[in-house]
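Notes for the one structure printed next.
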Amino acid sequence: MVWIPLVVLAALVLLVIGIYNSLVRLKVQSENAWSDIDVQLKRRHDLIPNLIETVKGYAGHEKQVLETVVTARSRAMSAITPSSKAEAEGALTQSLKSLFALAEAYPQLRAVESFTQLQGALNQIEEAVQSARRYYNAVVRDLNTKIQEFPSNIIANSFSFKTRDFFELADVAERAVPKVNFEHR
C-alpha cells in the first residue's frame with residue numbers, strides 16, 4: 000500500500016515535467032520564429048536604400064515620397080515588440096506603395112533593369128515575411144493556448160510563462176503583398 004502514494008506522486012512529477020518541457024519547447028520555438036521574422040525584415044530594410052537611390056536618380060525631385068520611405072524604414076527598424084513592429088511595418092508598406100506608385104509616373108524608371116530586379120527581390124522578401132509571420136503566429140497560438148489550458152496553466156503561472164503578442168497587420172489592405180505592374184503600356 001505504500002507504493003500507491005509513491006506511484007501517484009511519481010505520475011504527478013512526470014506530468015509537471017512533461018507540461019513544463021512542452022511550455023519551454025513552445026517558448027523557444029516562438030523566439031526562434033520571431034528571429035526568423037527579424038531576419039526577413041532586416042533583408043527588407045537593407046533593400047530599401049538601394050531602391051530609394053535608384054528612384055532618386057529618375058525622380059529625385061519627389062523628395063517627400065522618398066523622405067516618407069526613409070522615415071518609415073527608420074521607425075520599422077527601431078520597433079521591438081510584435082505590435083509596434085507590425086504597426087511600423089504597415090506604415091513602411093504604405094510608403095513603399097507610394098514609392099511604387101511614383102515609379103508608375105516615370106516610364107524610364109520602370110525600364111531600368113536594376114529597379115525591376117529590386118522590385119522583384121522586394122516581392123520575394125515580402126512573401127518570406129508573410130510566411131515567417133504565419134509560422135510565428137501559429138507557434139504563438141500554440142504557446143498561448145498551452146499557457147491558458149488546464150492543468151498547464153498552473154505550471155505556466157508557477158514558472159512565470161507569459162503569453163506572447165501575435166504579429167498582426169492592423170489594416171486589411173496591408174495584408175496583401177504590394178503588387179506593381181511595370182509592363183509598358
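Under numbering that gives the first Met the number 0, read the sequence shown as residues 0 to 184, first letter to last. Each residue gets a CB set at the ideal place from its N, CA and C atoms; glycine is no exception.
Check: Using a Cβ-Cβ cut-off of 6 angstroms (strictly less than) and excluding sequence neighbours within five positions of L50, which residues of its own chain qualify?; Outcome: L117
Check: At the level of alpha carbons, what is the spacing between A120 and V12?; Outcome: 51 angstroms
Check: Check whether the Cβ atoms of V54 and S94 lie closer than 8 angstroms to each other.; Outcome: no
Check: State the Cα-Cα distance for the pair L91 and L5, rounded to the nearest angstrom.; Outcome: 60 angstroms
Check: If I measure Cβ to Cβ from A78 and keep anything under 6 angstroms in the same chain, skipping five residues before and after, which residues do I get?; Outcome: K84, A87
Check: Using 10 angstroms around the beta-carbon of L14, count the other beta-carbons present and answer buried if the total reaches 16, otherwise exposed.; Outcome: exposed
Check: Just to confirm the assignment, what range does the alpha helix (DSSP H) spanning A104 have?; Outcome: First-last for A104: undefined, no H or E at that position.
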